[in-house]
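Residue 55 in UniProt numbering sits at position 55 of the sequence shown, and the numbers go up by one each step. Even glycine gets a Cβ: it sits at the ideal position worked out from N, Cα and C.
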Amino acid sequence: AVRPAAPMEDRQGRPQLRVQAIGAKGLRSADFGITGGSSDPYCTFNIVGRPQQRHKTKTIKKCLEPVWDFEGLLSGCGEGDAVEFEVWDYDAVGADDLLGKAVLEYEDFAAFGFEGEVP
């Protein structure tokens, strides 16, 4: 679940967006061991095309239903923009595994904010 709030402005008048990455449900197992499968998920989010503003939650070890309760501000979000969320499995060795991805269009939260789940 994510909760982007309605846009606001910083002191310079640039639009800002408060985004909350609450958690995820039903993640797939990306790590396999003696005790069965699990994942070590974390979430990233940014305005599409602006990876320099990417925010990252903490990693929750061995969990398929993580709760991050994380908040970050994105600057310069406006009409035509979208917020991209990615959920990754952390791997100590090798590359992290992408578990899922969702995009929330500006029009979906511009007027009244958004509180809910994104598939």
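Can you give me the C-alpha to C-alpha distance between residue 1 and residue 93, rounded to a whole angstrom?
Any reading at residue 1 is ruled out, since the residue's pLDDT is 46, under 50, leaving its predicted position unreliable.
Can you check whether the CB of residue 99 is closer than 8 Å to the CB of residue 41?
yes
Relative to the C-alpha of residue 10, which candidate in 50, 47 and 74 has its C-alpha closest?
74
Every unbroken beta strand (DSSP E) inside the UniProt domain "C2" (1-119) [3 residues or more]
15-23, 31-33, 36-38, 41-47, 67-75, 82-89 and 97-105
Cut-off 7 Å between Cβ atoms - residues of its own chain near residue 119, not counting five sequence neighbours on either side:
102
Would you please state the rounded distance, in angstroms, between the beta carbons of residue 43 and residue 57? I believe it to be under 8 Å.
5 Å
Can you round the beta-carbon distance between residue 89 and residue 81 to whole angstroms, since I take them to be within the 8 Å contact cut?
Not confirmed; about 27 Å, so no contact.
Output the distance between the C-alpha atoms of residue 67 and residue 23, rounded to the nearest integer angstrom.
4 Å
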